[in-house]
Each structure stands twice: as structure tokens, then as C-alpha cells.
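Residue numbers 17 to 241, in our numbering, belong to the letters of the sequence shown in order.
Inspection log for the structure reproduced underneath, given as C-alpha cells.
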Amino acid sequence: MQHNVLILDFGSQYTQLIARRVRELNIFCEIFPFDKIPTDLSSYKAVILGGSPFSVRSVDALHPDLTKIRGIIPLLAVCYGAQYLAHFSGGEVVQSNTREYGRANLNYIKNSELLFENINLNSQVWMSHSDSIKNLPINGIKLASTNDVENAAYRIEGESTYAIQFHPEVYHSTDGKHLLENFLVKIAKVPQTFTPNAFVDDCINDLKNKIKNDKVILGLSGGVD
17 MQHNVLILDF
27 GSQYTQLIAR
37 RVRELNIFCE
47 IFPFDKIPTD
57 LSSYKAVILG
67 GSPFSVRSVD
77 ALHPDLTKIR
87 GIIPLLAVCY
97 GAQYLAHFSG
107 GEVVQSNTRE
117 YGRANLNYIK
127 NSELLFENIN
137 LNSQVWMSHS
147 DSIKNLPING
157 IKLASTNDVE
167 NAAYRIEGES
177 TYAIQFHPEV
187 YHSTDGKHLL
197 ENFLVKIAKV
207 PQTFTPNAFV
217 DDCINDLKNK
227 IKNDKVILGL
237 SGGVD
């Protein structure tokens with residue numbers, strides 16, 4: 017059985033980069049639009065909410081249905097996802113004085129938390145947001161801060177739900193890949209068994225079982241998409 021990670025896409029330019037970082041950890045993942053969540057979630061060991069150019073305070077805010085995820089499947093909310101959880105779970109999100117885009121350093125880390133295990137104080141992270149989380153959601157516990165962002169990371173007590181305001185998938189977040197590994201491997205317990213070759217073999221076997229002796233029309237790209 018393939019152990020999958022579900023990534024929900026809210027239109028961020030970094031969504032595909034999240035998937036790349038996850039697969040670099042030898043973990044298989046799939047990307048779905050935020051409003052097209054699979055009905056059967058039994059094969060998913062973890063869920064990641066991506067970022068978005070939208071604001072959770074807007075009438076056009078994107079609303080995922082997390083009723084089958086929250087408190088059931090380990091969840092990591094990134095940027096917009098972190099703001100969404102705060103805004104619609106009893107917290108408060110406000111417009112930042114200035115749009116924050118660039119490097120920042122974590123000047124506070126709750127090291128006892130698995131999410132930040134072996135991540136050093138002053139670790140560099142990449143910010144890209146115009147809103148900030150002023151007050152944490154109900155049962156929210158602060159895990160990290162920067163000079164300008166008080167609630168740079170938090171978790172929700174009683175759930176395996178974590179949220180970060182920064183982008184761990186971006187190269188400039190020096191410990192970002194390590195944070196993703198902490199979440200996926202240490203918290204969500206996702207096996208690191210995925211390889212591209214194994215994926216190809218699984219696809220071939222699956223197609224053989226589906227197609228059998230039928231004929232198919234195949235469109236093949238010659239480039240690297």
C-alpha cells in the first residue's frame with residue numbers, strides 16, 4: 017500500500033516546490049485543489065495546506081472542508097493555511113503594517129516540540145505574506161517567533177495540527193527541509209519508501225490490470241514537464 021501525503025493547493029507559486037521537497041524525502045505525495053479533496057482519505061498519512069495570494073480576511077477567501085482531516089490526520093498548515101486555521105478557529109488575523117517578503121530569523125523556538133527538533137535558534141526562514149496572525153486560535157500554542165512575526169509557528173492542543181507562517185519549501189529557509197522531515201517522519205510517521213523507479217513500476221502494474229487486452233490512445237510528451 018502506497019502511503020501518501022496530500023497537499024492542498026490554494027494557488028501559491030510554491031505548491032509544486034512543496035511536493036518536490038516531500039519527494040526528496042522519499043515520500044510520495046499528491047496535489048489536489050483545496051476544493052477537490054478526495055472522498056477517500058484512508059491512504060493519506062499526512063496533509064499539508066499550502067500558501068495562497070488571497071487573504072483569509074477577504075470575501076473571496078478560499079475555504080477548504082477540513083472536517084475529515086482536522087484531529088484525524090496529521091496536518092501542517094503553511095502561510096495562508098496557518099492564517100486560515102487561526103482566523104476560522106477563534107484566532108485573529110490582521111493586515112500587516114508592511115508586506116513581508118524575504119528572509120527572517122527565528123529568535124524564539126520551542127525546542128521541546130518535535131516540529132522544531134534539532135532546528136537552531138536564529139534559523140533563517142522565508143516569509144511572503146501581507147497578513148499576520150495577531151491572536152492564536154483556540155487551544156493554540158506558540159512554537160516560534162521572528163522579530164516582526166510574533167506567531168511564526170504554532171500547534172493546536174489535542175490535535176496533530178501544526179501551522180507555520182513561513183515557507184519551509186523555499187531554498188532560503190535553511191532548515192525548511194528538516195522541518196518537513198520532522199513533521200512527516202517524526203510526527204505523522206510516514207515511511208520513507210518512495211522512489212521514482214518504484215512509482216513507475218507501480219504505475220505499469222496498475223495500467224496492466226486496468227487495460228488488460230484493451231487498446232488505448234496515448235499522448236506522450238518528449239520533454240521534461
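We put the beta carbon where it would ideally sit given N, CA and C, even for glycine.
Since the model is a prediction, treat every value here as computed from it, not as a measurement.
Can you check whether the CB of Phe50 is closer than 8 Å to the CB of Phe215?
No; because the gap between Cβ atoms is not below 8 Å, this pair is not in contact.
Are the stretch 139 to 155 and the stretch 205 to 222 touching by the rule of at least three beta carbon pairs closer than 8 Å?
No, the stretch 139 to 155 does not touch the stretch 205 to 222.
Could you tell me the alpha carbon to alpha carbon distance between Met17 and Asn221, rounded to whole angstroms?
In this predicted model, Met17 has a pLDDT of only 49, less than 50, meaning its place in the structure is not dependable; the value taken from the coordinates is given anyway. Each residue's alpha carbon lies about 13 Å from the other.
For the stretch 173 to 239, which segments carrying the alpha helix (DSSP H) assignment without a break, of at least 4 residues, lie completely within its bounds, in sequence order?
Listed in chain order, they are 192 to 197 and 212 to 227.
Since Ile157 is in the beta strand (DSSP E), which residue starts that stretch and which ends it?
Segment Gly156 to Thr162, the beta strand (DSSP E) holding Ile157.
Have a look at His145, Arg171, Leu196 and Asn163 and flag the residue whose alpha-carbon is nearest the alpha-carbon of Ile154.
Nearest option by C-alpha distance: Arg171.
With H, G and I counted as helix, E and B as strand and the rest as coil, what does DSSP make of Phe70?
The answer is coil: DSSP assigns Phe70 none of H, G, I, E or B.
Smallest Cα separation from Met143: which of Asn167, Asp218, Arg36 and Glu46?
If we check each option's Cα against that of Met143, Asn167 comes out closest.
State the start and end residues of the unbroken alpha helix (DSSP H) segment that holds Ile53.
Looking at the DSSP string, Ile53 is not in any alpha helix (DSSP H), and its letter there is neither H nor E.
Kindly indicate which residue of Ile89, Arg37, Tyr117 and Thr162 has the alpha-carbon position closest to the one of Asp56.
Closest option to Asp56, Cα to Cα, is Ile89.
Does the separation of the CB atoms of Gly66 and Ile125 fall below 8 Å?
No, the pair does not count as a contact, with Cβ atoms beyond the cut-off.
Report back the beta-carbon spacing between Ile157 and Glu173 to the nearest angstrom; my notes put them in contact at under 8 Å.
Their Cβ separation, rounded to whole angstroms, is 6 Å, which keeps Ile157 and Glu173 in contact under 8 Å.
Could you tell me how far apart the beta carbons of Gln181 and Ala77 are, in whole angstroms, since I believe they sit closer than 8 Å?
No, Gln181 and Ala77 are not in contact; Cβ-Cβ is about 17 Å, not under 8 Å.
Where Val201 and Gln208 are concerned, what is the direct C-alpha to C-alpha distance, given to the nearest angstrom?
Val201 and Gln208: Cα-Cα distance of roughly 8 Å.
Tell me the residue span of the alpha helix (DSSP H) that contains His79.
That residue, His79, is in no alpha helix (DSSP H); it is neither H nor E in DSSP.
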